[in-house]
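Written below as structure tokens is the structure these notes are about.
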Amino acid sequence: MIIGIVGCAHGELNLIYNTLERIEKENNFKVDLLICCGDFECIRYKKDNDCMNVPKKYQKDENDFQEYFTGKKQAKVLTIFIGGNHEAMNVLKQLYYGGWVAPNIYFLGYSNVHNINNIRICSLSGIYKKYNYYKKYTEYYPYDDISKVSAYHIRKYEIEKLKLLKEKIDIVITHDWPNNIEKHGDVNELLRRKHHLHSDIYNNRLGNPHTEILLNKLKPHFWFASHLHVKYAALYLHTDKTNYTRFLSLDKAESHRHFIQILKLEKNKNENIRINFDHIPKPMQYIYNKKNNYSNKEIDNISINNVNQKEEKEKKDGLMDEKADKQMDGQTEEEVQTEKNINNKTNNKANNKINNKNSNEYINSEQDYNLIYTGIENEIIENFEKDEIIEEMNENDKDDNNNENKNDKSENYENKSNNSEINNFLEKNGELLLKNNNNNNNNNDGNDEDGNDAVSGENREKCYLCYDLEWLAILKANHHLISVNNDTDYNKEYLKYPSKDDFEYIKKKLNKLNKITFNDKEHFLVHGYNQPYFKNLYQQRQCFLNRFDFQELSIYDESELKFFNEELKMFDNVENLENLENLENHVNEKSEVYMNA
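Under our numbering, the very last position in the sequence shown is 594; numbers go up by exactly one each time.
Here is the structure:
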């Protein structure tokens, strides 16, 4: 399954989907699932803006989501997202356990676990603030400047539920980072890009300390996040020295930023997940020019050997220039050659050391050389470097001439860093890319190594959003703590792992639902976005609660529920963008009544 991961969306859905479409067209594959790591900003109409905490300079009367909500546009790929710190909390609060906000766009809920095509995804919305971590949800509509901030702060109850998970998790999605994760990547590069994080890193305040516990408890294969508006990768090797987590944070959705990453994930019969690169039609190939810059200008026929030949040619050109300079100084050709031999002998040992250290540099494709690095960390970092360079080179197709006169010093420094990354990439991964290219050229029968149909540029694999049995059993054992009939503080209660009876109860309920089978395992589908209707957030919540006989949540008050009900009646009459303006005026009148109640 090919997955696209996006950082902070900030309502820029058109940019995200257009970028995704361009990547698919250029590489001849289809992304099956799109994951957004927060700040989705599902603003249906102007009133939702009042429920979202955002600086004034970033406030918008409307964003791209409105077109997808009204049906003017539709997401072509299944899109799932979590909540961040810039969200319309009146919308997400009604979907505490998750639900559809538009056709093919699904909110994963405050904390949740889902199965999508046998890939187990754990999600957690919001960000961590210590002063609200142990408090109950006491934010109700209409929100003031304080409550619309605290509404998206993570509560202890959500973390404790996730800590109960015992079965293997493949992917974890959060908005902010786990504490200390930055120490398992290139911290210096992070500080170069985000120097203001120095104090938080030095004082160990960057990220959520409770999700760091989750990281060690769940040991997921992947952890995706955003929030800090920077692309950053890290490899977290767990204390057992056998499990490791690939961490990836992405930038915000904006032109010329690294906000999207494409991965192809596969599961074998042993339920082990791995990254596959066979969806990439050919390796990225670069020309090394005299300025030490690589570019991707129509060089489809250029191989690693061509790059090597170009290096040799430039080296010869350099020697000829040096020879000409010496002759201009009055030296004969014999004197020049003698001086060259002396220099070669003097530097022979140093050159041997360099050659031994960089033995992987520009390897001939016909050599039988093993590029599998010793140790798990080198292998995974290699994969990340390759995928990152490919994505960066795709981004570089954009016209950068508009920014040519801006921040010249900063851009020159950035170019040096990028050149260094590309050099390292070619040194370490050149032959591996070449081998992959040869393998792809030999596999013209349309099948991969496992005998499955290869990815087609025309078809998109259908994704099935399904419930998770263990997670539902955990809810069965602990949902009563946050139900409307419980007056206790759910953050102070002890949460328990479900009993066998809880599992059997959930199994009986699930057997009444539609199901799909993956690898001989049955998975049960969540409700569709038209059953109930995606605009009816109340019915979606009740659909979930009724399926498992859970009581209503205690996080709503009476006036808030009344407002949501009136809002729903008005949405039933909205079929296009023009009618939203009338809805805005009507809702303003209604909201004044509830504020004065």
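Just so you know, even glycine gets a beta-carbon here, dropped at the ideal spot from N, CA and C.
query: Comparing C-alpha positions only, which one of 525, 549 and 542 sits nearest to residue 100?; result: 525
query: For residue 97, list the residues DSSP reports as bridge partners.; result: 103
query: For residue 593, collect the residues of the same chain with a Cβ closer than 6 Å to its Cβ; drop the 5 residues on either side in sequence, then sort them by chain order.; result: At residue 593 the pLDDT is 36, less than 50, meaning the model places this residue with poor confidence; the figure from the coordinates comes in the next sentence. Correct list: empty, nothing qualifies.
query: Using beta-carbon positions only, say whether residue 154 and residue 488 come within less than 8 Å of one another.; result: yes
query: State the DSSP-derived secondary structure class of residue 144, mapped to helix, strand or coil.; result: helix
query: May I ask you to report which of helix, strand or coil DSSP gives residue 496?; result: coil
query: Please report the straight-line C-alpha distance between residue 474 and residue 498, rounded to a whole angstrom.; result: 10 Å
query: Going straight from the alpha carbon of residue 556 to that of residue 174, what length do you get?; result: 35 Å
query: How many Å lie between residue 185 and residue 545 at the Cα?; result: 49 Å
query: With three or more C-beta pairs closer than 8 Å as the rule, is the region 205 to 212 touching the region 158 to 176?; result: yes
query: Which of the three DSSP states, helix, strand or coil, is assigned to residue 568?; result: helix
query: Look at the Cβ atom of residue 31, then the Cβ atom of residue 75, and state whether they are nearer than 8 Å.; result: yes
query: Give me, in chain order, the residues of the same chain whose beta-carbon lies closer than 6 Å to that of residue 218; leave out the 5 immediate sequence neighbours on both sides.; result: 167 and 270
query: Does the region 250 to 270 come into contact with the region 59 to 67, if we say contact requires no fewer than three beta-carbon pairs (one atom in each stretch) closer than 8 Å?; result: no
query: When the Cβ atoms of the region 73 to 89 are set against those of the region 46 to 55, are three or more pairs found closer than 8 Å?; result: yes
query: Less than 8 Å separating the beta-carbons of residue 36 and residue 81?; result: yes
query: If I follow the unbroken beta strand (DSSP E) through residue 231, where does it start and stop?; result: 229 to 234
query: So the beta strand (DSSP E) residue 208 belongs to, where does it begin and stop?; result: Per DSSP, residue 208 belongs to no beta strand (DSSP E); it is in the alpha helix (DSSP H), 206 to 215.
query: Have a look at residue 289 and residue 564 and give me their C-alpha separation to the nearest angstrom.; result: Confidence at residue 289 is low in this model, with a pLDDT of 41, below 50, so its placement is unreliable and the value that follows should be read with caution. Answer to the nearest angstrom: the Cα atoms are 60 Å apart.
query: If you compare alpha carbons, which of 258, 117, 157 and 560 is closest to residue -1?; result: 258
query: May I have the straight-line CA-CA distance separating residue 17 from residue 28, to the nearest angstrom?; result: 8 Å
query: For the region 490 to 506 against the region 461 to 480, are there 3 or more C-beta pairs whose distance is under 8 Å?; result: yes
query: Which word fits residue 143, buried or exposed, when buried means at least 16 other C-beta atoms lie within 10 angstroms of its C-beta?; result: exposed
query: At 3 residues or longer, what runs of the beta strand (DSSP E) sit wholly inside the region 168 to 210?; result: 168 to 171
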